[in-house]
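Which chain is which? The protein sequence lines are A and B, in order.
Taking the working numbering, the leading residue of the first sequence gets 1, the next gets one more, and so forth.
Taking the working numbering, the leading residue of the second sequence gets 1, the next gets one more, and so forth.
Don't be surprised by glycine CBs; every beta carbon is placed ideally from N, CA and C.
There are 2 protein chains.
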Amino acid sequence: MYDLKGLCERAVSCKLEAGLLSTEKKNEALKAAANALKDNYEYLINENNKDLSMAKENGISEGMQDRLRLTKERIYAMAEGLVQVCELPDPIGEVMEEFDRPNGLHIKKVRVPMGVIGIIFESRPNVTADAFALTFKTGNCVILKGGKEAINSNKAIVKVLRDAIETCGINPDVLLLIEDTNRETTTAFMKMKEYVDVLIPRGGAGLIKAVVENSNIPVIETGTGNCHIYIDKTADPQMAVNILYNAKTQRISVCNAAESLLVHKDIAEKILPLLKKKLDEKNVEFRCDEISFEILGDGVKAATEEDYGKEFLDYILSVKTVESVEEAILHINKYNTHHSECIVTNDPESAEKFLNGVDAACVYVNASTRFTDGFEFGFGAEIGISTQKLHARGPMGLKELTSYKYKIYGNGQVRA
Amino acid sequence: MYDLKGLCERAVSCKLEAGLLSTEKKNEALKAAANALKDNYEYLINENNKDLSMAKENGISEGMQDRLRLTKERIYAMAEGLVQVCELPDPIGEVMEEFDRPNGLHIKKVRVPMGVIGIIFESRPNVTADAFALTFKTGNCVILKGGKEAINSNKAIVKVLRDAIETCGINPDVLLLIEDTNRETTTAFMKMKEYVDVLIPRGGAGLIKAVVENSNIPVIETGTGNCHIYIDKTADPQMAVNILYNAKTQRISVCNAAESLLVHKDIAEKILPLLKKKLDEKNVEFRCDEISFEILGDGVKAATEEDYGKEFLDYILSVKTVESVEEAILHINKYNTHHSECIVTNDPESAEKFLNGVDAACVYVNASTRFTDGFEFGFGAEIGISTQKLHARGPMGLKELTSYKYKIYGNGQVRA
Numbered sequence: 001m002y003d004l005k006g007l008c009e010r011a012v013s014c015k016l017e018a019g020l021l022s023t024e025k026k027n028e029a030l031k032a033a034a035n036a037l038k039d040n041y042e043y044l045i046n047e048n049n050k051d052l053s054m055a056k057e058n059g060i061s062e063g064m065q066d067r068l069r070l071t072k073e074r075i076y077a078m079a080e081g082l083v084q085v086c087e088l089p090d091p092i093g094e095v096m097e098e099f100d101r102p103n104g105l106h107i108k109k110v111r112v113p114m115g116v117i118g119i120i121f122e123s124r125p126n127v128t129a130d131a132f133a134l135t136f137k138t139g140n141c142v143i144l145k146g147g148k149e150a151i152n153s154n155k156a157i158v159k160v161l162r163d164a165i166e167t168c169g170i171n172p173d174v175l176l177l178i179e180d181t182n183r184e185t186t187t188a189f190m191k192m193k194e195y196v197d198v199l200i201p202r203g204g205a206g207l208i209k210a211v212v213e214n215s216n217i218p219v220i221e222t223g224t225g226n227c228h229i230y231i232d233k234t235a236d237p238q239m240a241v242n243i244l245y246n247a248k249t250q251r252i253s254v255c256n257a258a259e260s261l262l263v264h265k266d267i268a269e270k271i272l273p274l275l276k277k278k279l280d281e282k283n284v285e286f287r288c289d290e291i292s293f294e295i296l297g298d299g300v301k302a303a304t305e306e307d308y309g310k311e312f313l314d315y316i317l318s319v320k321t322v323e324s325v326e327e328a329i330l331h332i333n334k335y336n337t338h339h340s341e342c343i344v345t346n347d348p349e350s351a352e353k354f355l356n357g358v359d360a361a362c363v364y365v366n367a368s369t370r371f372t373d374g375f376e377f378g379f380g381a382e383i384g385i386s387t388q389k390l391h392a393r394g395p396m397g398l399k400e401l402t403s404y405k406y407k408i409y410g411n412g413q414v415r416a
Numbered sequence: 001m002y003d004l005k006g007l008c009e010r011a012v013s014c015k016l017e018a019g020l021l022s023t024e025k026k027n028e029a030l031k032a033a034a035n036a037l038k039d040n041y042e043y044l045i046n047e048n049n050k051d052l053s054m055a056k057e058n059g060i061s062e063g064m065q066d067r068l069r070l071t072k073e074r075i076y077a078m079a080e081g082l083v084q085v086c087e088l089p090d091p092i093g094e095v096m097e098e099f100d101r102p103n104g105l106h107i108k109k110v111r112v113p114m115g116v117i118g119i120i121f122e123s124r125p126n127v128t129a130d131a132f133a134l135t136f137k138t139g140n141c142v143i144l145k146g147g148k149e150a151i152n153s154n155k156a157i158v159k160v161l162r163d164a165i166e167t168c169g170i171n172p173d174v175l176l177l178i179e180d181t182n183r184e185t186t187t188a189f190m191k192m193k194e195y196v197d198v199l200i201p202r203g204g205a206g207l208i209k210a211v212v213e214n215s216n217i218p219v220i221e222t223g224t225g226n227c228h229i230y231i232d233k234t235a236d237p238q239m240a241v242n243i244l245y246n247a248k249t250q251r252i253s254v255c256n257a258a259e260s261l262l263v264h265k266d267i268a269e270k271i272l273p274l275l276k277k278k279l280d281e282k283n284v285e286f287r288c289d290e291i292s293f294e295i296l297g298d299g300v301k302a303a304t305e306e307d308y309g310k311e312f313l314d315y316i317l318s319v320k321t322v323e324s325v326e327e328a329i330l331h332i333n334k335y336n337t338h339h340s341e342c343i344v345t346n347d348p349e350s351a352e353k354f355l356n357g358v359d360a361a362c363v364y365v366n367a368s369t370r371f372t373d374g375f376e377f378g379f380g381a382e383i384g385i386s387t388q389k390l391h392a393r394g395p396m397g398l399k400e401l402t403s404y405k406y407k408i409y410g411n412g413q414v415r416a
């Protein structure tokens, strides 16, 4: 039986030390960790090869194998990622608010680490180094649970990072990996509320659902994006074409890609053929409502009700015509996943209605939804994109990995 | 079968309207609601009497009956509470951050409502009016689930409030009550993630645990407080006596009352008898470690390990001597519930160590833990005290009932 509780206790024991590390010390360790990754690239590649052999044996797709693969170049990029986090400002200790009460109490609201952060992920092994950098810089301890298919790579990366941390005189338990890949252990981890302050799932819809349904730890839900582009009647046609083309086709597999097109009826006849022509370059399949079907005729499909709620992650687009910006808002609020939505318009009034009425983390006027990203927002980092409203919404950088506490200074005050 | 889903759908349908109400309109409705409570006090008392009769029949304690009772005075106080919320600034629409990106995107981080807030409570019926005022002022829809024993009172209060809201031309579904008091309905409500954006339990440890374990909706955990007073070796004895006496005895049944006393060994012999003498006025039972037991001798009990982890909510105090502020911090972090902790000291260095090292929402130097309260903090309101680190920590006022969205203004930007 894997000693998950023992592992969690080690993280908790390390929490106080991690939270009190100076910015200088944290940056020193991040740089040492970056160098250690580079120095040990051959070891990392050897261990990664074990995962790759297994993947081949198990007939895992070429695409998945590529995601799994570590090369010297990729390891150096991971190291560079750690160095970049050094350059970001340390949010810990920031005085967020400060005020006095009539009874003389002086109150400071100060940014502090979350404590122990759990991250369950199923993607590339580089997430391991990435998650460590962001949680460590914010004074947190992290417990990682990666995918079974990358276990040897993750163990090797964590070993190299932990050794580097220890060399700097820091307790390496700031970074822990759950080495047991049984599903029961993962489920048990979601119940470790006594030890873990916040749990972040990173991966597909199935993983995220499992965490949300099973966890008793506060969760930050990241992920799915059924993003819409609404072309208002005053839209600039060329801009509309560019934005839709970018949002739909620049990278189809990501959460901020567009999945659905809404078009104002007054502009539909003019704009739909232009949009179709451009998206034909990538053979995007249009799934249309009655009116857009009539306009586009051959080469498009009829949409079903379910199509409007789907995150295709593919060269497929659902299409609907609407009578007004209000109808667009209602449609989006019914079908979206609260991720990213865009209006293309030249009418400031429509723009404001859309910005205020659409319920999503990021609402765009005249720009591609593909900008919903921590780096594009200038956060210098990203741990994920939150689609919930509690705590953080949209791209999460360093600040979103912190909490706060109130420090209250008195001189003997008691309550009457 | 109670139509819980139908009720949740009504809240969701009302969300857009609620979020876009102007401050003036919201204040108008709050004032109308306040007047309606006063105008209908006889009806409310009549309905409340049904609950009181039932309580008597069921042999519910006099204390509980008193908590349940509505009087003209209490109804007027509820109304006054609504009026006070009018005077608080409306946080909705506040621009929290605003910045430009090199590609010309202009990004605004704007405060918005959560959407639909669920509140499960088991305390006095006045929570109904209170919860409505705070959620409504922040542009949210609220679904309330009160205790079975107050169902007639809650139904009556909600009816009066909804009628007043409707008179102002606002959809009354901004305020909904789950009228079915079956436990299965409450549990089903905790699973309504599709409709409810955040769930706040208000009540005893059992309720909060049930919500945390069962909910798939993001939860804000409020509640239990195992709060410590640590008397450092440099503490002013009189101040120490006053603070402990206030924190332990001013109101024993609340979460910010002290439950445990830590004393530095160097001052223990001098201060413990003084503390004991003062707390004897309220017959506080001391449960002591070996050293404090020896010092206090007769009239105290020996503490068990479990005593240090207990929220007594009674005239009982666990006592422990420590070698240093560091030992105090470790002890507190092991046993506390991350609520409120205090050091009494004249040494600024010890104070800073304590403030930084203790893991709690509110950490005090030389003041009673009883100040952890939205009103005492000057928030003008309080929906509860969060003991978790995600989203809000400590007293939660209006701002803590909000989320944010990013509004992004472009002129055709697409991602390269």
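Query                                                                                                                                                          : Result
Just verifying my parser: in three-state terms, what is the DSSP assignment at B:Ser340?                                                                       : strand
Could you pull out every unbroken alpha helix (DSSP H) segment of at least 4 residues lying fully inside the segment 31-112 of chain B, listed in chain order? : 41-57, 62-68 and 72-87
How about B:Ser437 and B:Ser318: do their beta carbons lie closer than 8 Å?                                                                                    : With chain B represented from 1 up to 416, any question about residue 437 of chain B goes unanswered, as that position is not in the structure.
Restricting to runs no shorter than 3 residues, where is the beta strand (DSSP E) found entirely within the segment 118-175 of chain A?                        : 141-145
Please confirm whether A:Val112 and A:Lys334 have their CB atoms less than 8 Å apart.                                                                          : no
Could you check which residue in A:Gly139, A:Leu161 and A:Met54 has the C-alpha nearest to that of A:Cys14?                                                    : A:Gly139
Could you give the distance in angstroms between the alpha-carbon of A:Val344 and the alpha-carbon of A:Ala367?                                                : 8 Å
Given a limit of 9 Å on CB to CB distance, which residues of the segment 50-84 of chain B reach chain A?                                                       : none
Assuming B:Leu7 and B:Ile178 form a contact by the criterion Cβ under 8 Å, report the distance between their Cβ atoms to the nearest whole angstrom.           : 7 Å
Tell me A:Gln413's beta-bridge partners as DSSP assigns them.                                                                                                  : B:Ala367
Hey, does A:Leu262 have any beta-carbon neighbour from chain B nearer than 8 Å?                                                                                : no
Going along chain B in order, which residues have a C-beta closer than 9 Å to the C-beta of A:Ile267?                                                          : Within 9 Å Cβ-Cβ: nothing; A:Ile267 doesn't reach chain B, min ~17 Å.
With DSSP run on the structure shown, which of helix, strand or coil describes B:Arg393?                                                                       : coil
Of all the CB atoms in chain B, is at least one closer than 8 Å to the CB of A:Arg370?                                                                         : yes
Could you pull out every residue in the same chain whose Cβ sits closer than 8 Å to the Cβ of A:Ile200, ignoring the five residues on either side in sequence? : Ile117, Gly118, Ile119, Ile120, Val219, Ile220, Thr222, Ile383 and Gly384
Kindly identify the DSSP beta-bridge partner or partners of A:Gly285.                                                                                          : Correcting the residue identity first, residue 285 of chain A is Glu in this sequence and not Gly. BP columns for A:Glu285 point to A:Ile316.
Between the segment 353-368 of chain B and chain A, which residues of the former have CB atoms less than 8 Å from a CB of the latter, in chain order?          : Leu355, Asn356, Gly357, Asp359, Ala360, Ala361, Cys362, Val363, Tyr364, Val365, Asn366, Ala367 and Ser368
Step through the CB atoms of chain B and report whether any lies within less than 8 Å of the CB of A:Met190.                                                   : no
Run the CB neighbour count on B:Ala351, radius 10 Å, all protein chains shown included, and call it buried at 16 or more, exposed below.                       : buried
Between the Cα of B:Val198 and the Cα atoms of B:Lys137, B:Arg370, B:Met114 and B:Gly204, which residue gives the shortest distance?                           : B:Met114
Excluding five sequence neighbours on each side, which residues of the same chain lie with their C-beta closer than 6 Å to the C-beta of B:Ala29?              : Ile165, Cys168 and Ile170
Below 8 Å on the Cβ atoms is my guess for B:Val358 versus B:Glu341; work out the distance and round it to an integer in Å.                                     : 5 Å
Curious, which full-length alpha helix (DSSP H) runs of at least 4 residues does the segment 240-312 of chain B contain?                                       : 265-280 and 290-296
Return the residues of the segment 389-404 of chain B that lie within a Cβ-Cβ distance of less than 7 Å from chain A, sorted by chain order.                   : Lys389, Leu390, His391, Arg393, Gly394, Ser403 and Tyr404
Starting from B:Val198, trace the alpha helix (DSSP H) both ways and give me its first and last residue.                                                       : First-last for B:Val198: Val198 to Arg202, but that is the beta strand (DSSP E), not the alpha helix (DSSP H).
B:Met96 CB to nearest chain A CB: under 8 Å?                                                                                                                   : no
Using 8 Å as the threshold, is the C-beta distance between B:Lys265 and B:Glu323 below it?                                                                     : yes
Measuring only between beta-carbons, confirm whether A:Gly225 sits less than 8 Å from chain B.                                                                 : no
From A:Leu176 to A:Lys5, what distance separates their C-alpha atoms?                                                                                          : 12 Å
Quick test of your reading: B:Leu274 and B:Val263, contact by CB under 8 Å. State the CB separation rounded to the nearest angstrom.                           : Going by Cβ atoms, the distance from B:Leu274 to B:Val263 rounds to 11 Å, so no, they are not a contact pair.
What residues of chain B sit near A:Gly378, judged by a beta carbon separation below 8 Å?                                                                      : Phe99 and Arg101
Short of 8 Å in beta carbon distance, which residues of its chain neighbour A:Arg74, apart from the five on each side in sequence? Order them along the chain. : Asn126
Residues of chain A with a CB under 8 Å from the CB of B:Asp197: which are they?                                                                               : Gln388, Lys389 and Leu390
Tell me, please, whether the CB atom of A:Val414 is closer than 8 Å to any CB atom in chain B?                                                                 : yes
B:Asn216 and B:Thr187: beta carbons closer than 8 Å?                                                                                                           : no
Distance cutoff 8 Å, beta carbons only. Does B:Pro348 sit that close to anything in chain A?                                                                   : no
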